[in-house]
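S.K.: Once you've had a glance at the structure underneath, I'll fire off some questions.
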């Protein structure tokens, strides 16, 4: 019997992932609408959406080091976290911690082969979408 693990890319074959991951700021309603749209589509949707409460939450998640790690994985998936750490010139513990955070947010997944776990990002692109608009009731701009 095969164990199901949502962080394992083999559980959800690469064909089931959309081409793009969009990371944005929005309300609970926005997140619900995005999830519903993804579920309602036939086959893979055009984009997967991760909605955060604030720009600060996105900044906390997507540090320069984690963005560097994401670029490296997307350019050439490493054979392991150790391989990724060596490639980035960082220690294993810090890279493992960063990968774990990105796995927890459904950005990085693992391609598992026996005991080996290859970190992968199954999207061709990741887009960070933050809209800045003027507040209709004020002269100050608001970030949403």
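In this note's numbering, the protein residues as written are 1 to 144.
Beta carbons: idealized from backbone N, C-alpha and C, even for Gly.
Only a predicted model underlies this, so the values are computations on that prediction, with no experimental measurement involved.
1. Could you please give me the residues that DSSP links to residue 47 through a beta bridge?
2. Are the Cβ atoms of residue 101 and residue 66 separated by less than 9 Å?
3. Out of 127, 33, 122, which has the shortest C-alpha to C-alpha gap to residue 75?
4. When the Cα of residue 29 is compared with those of 52, 48, 18, 125, which residue comes out closest?
5. Taking a contact to mean a Cβ-Cβ separation below 9 Å, would you say residue 19 touches residue 47 in this structure?
6. Measuring CB to CB, does residue 59 end up less than 9 Å from residue 126?
7. For residue 92, count neighbouring C-beta atoms within 10 Å of its own C-beta (all shown protein chains included) and say buried if the count is 16 or more, exposed if not.
8. Would you please state the rounded distance, in angstroms, between the beta carbons of residue 119 and residue 99? I believe it to be under 8 Å.
9. In whole angstroms, what is the alpha-carbon distance linking residue 116 and residue 82?
10. Can you tell me which of the three DSSP states residue 127 falls into?
11. DSSP three-state call for residue 120: helix, strand or coil?
12. What residues are listed by DSSP as bridge partners for residue 92?
M.R.: Here's the rundown:
1. 20
2. yes
3. 122
4. 52
5. yes
6. no
7. exposed
8. 5 Å
9. 11 Å
10. strand
11. strand
12. Answer by DSSP bridge pairing: none, since residue 92 is not bridged.
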